[in-house]
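Read in our numbering, the sequence shown has 1381 at position 4, and its numbers run on one by one without any break. C-beta: ideal position from N, C-alpha, C; glycine also. Worksheet: the structure to be examined is printed underneath.
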Amino acid sequence: MPRGGKKGHKGRGKQFSNPEEIDRQMKAQRELEENAGVEKESASDSEEESSSDEESESRKRSGVEGLIEIENPNRVSQKNKKVSELDVNAPKELSRREREEIEKQKSKERFRKLQLEGKTEQARADLARLAIIKKQREDAAKKREELRKEKEAEEAKAKR
C-alpha cells in the first residue's frame, strides 16, 4: 500500500537544510554587508549622512513595501538615546508583574501582622481553640495530680 493509505501520499517529503549550506550562506551574506560598509566609508561625510539614510530606508523596504507608505500606530520603533539625555535619578517604571508581586508581598506582610495582633477572624478562632486546649490540659493535669495523691494515700495506708 502506498504512503498515506488508499488515497495516496499528498504533499512532498520534508527536506532539511544542511548545516554546512546554512553556514556558507551566512558567510556570503556577511561578506556582502561588509562590502557595502566599505563602500559607504569611502564616501564623504556630507554625502554619507544623506546617502546612509536613503540606503537604510531602501534596504528596509523591499518589494511592495517601498511603494506604499504605511504608518502602524502599534509599531514602536527603537529610538537610541544619548547618554546625556538619560536621567539616572528618574524613578524606574515597574512592569505589571513586578507591581503585582510587590503588592502581593505587602498584603501578605499586612495579614501576618494582623495575625500576630489577633485581629483577623482566623487568628481569633485559633486563639479560642488554644484557650480551650489550655483549659483541657489544665484539667487533665489536675486529674493526674489528684490520682497521684490518691495512690500515695492508698500506698501509705497499705504500709501501715
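Contact check, residue i vs residue j, beta carbons under 7 Å
i            : j            : result
residue 1495 : residue 1507 : no
Distance between beta carbons of residue j and residue i, contact taken as under 8 Å
i            : j            : result
residue 1500 : residue 1492 : 5 Å
C-alpha gap between residue i and residue j, whole angstroms
i            : j            : result
residue 1530 : residue 1497 : 49 Å
residue 1539 : residue 1459 : An answer regarding residue 1539 cannot be provided, because it is not within the stretch 1378 to 1537 covered by the chain.
residue 1477 : residue 1447 : 37 Å
residue 1537 : residue 1509 : 42 Å
residue 1528 : residue 1511 : 26 Å
residue 1435 : residue 1473 : Reliability fails at residue 1435, whose pLDDT of 48 lies under 50, so the model's placement of it is uncertain and the value that follows must be treated cautiously. Taking the straight line joining both Cα atoms gives about 38 Å.
residue 1451 : residue 1407 : 31 Å
residue 1523 : residue 1534 : 16 Å
residue 1384 : residue 1394 : 29 Å
residue 1515 : residue 1525 : 15 Å
Where residue i falls: helix, strand or coil (DSSP)
i            : result
residue 1396 : helix
residue 1476 : helix
residue 1455 : coil
residue 1526 : helix
residue 1464 : coil
residue 1414 : helix
residue 1428 : For residue 1428, the predicted structure reports a pLDDT of 49, less than 50, and the residue's modelled location is therefore unreliable. A value from the coordinates is still provided. Three-state DSSP puts residue 1428 in a helix.
residue 1384 : helix
residue 1470 : coil
Cβ neighbours of residue i in the same chain (closer than 8 Å, five flanking residues each side left out)
i            : result
residue 1486 : none
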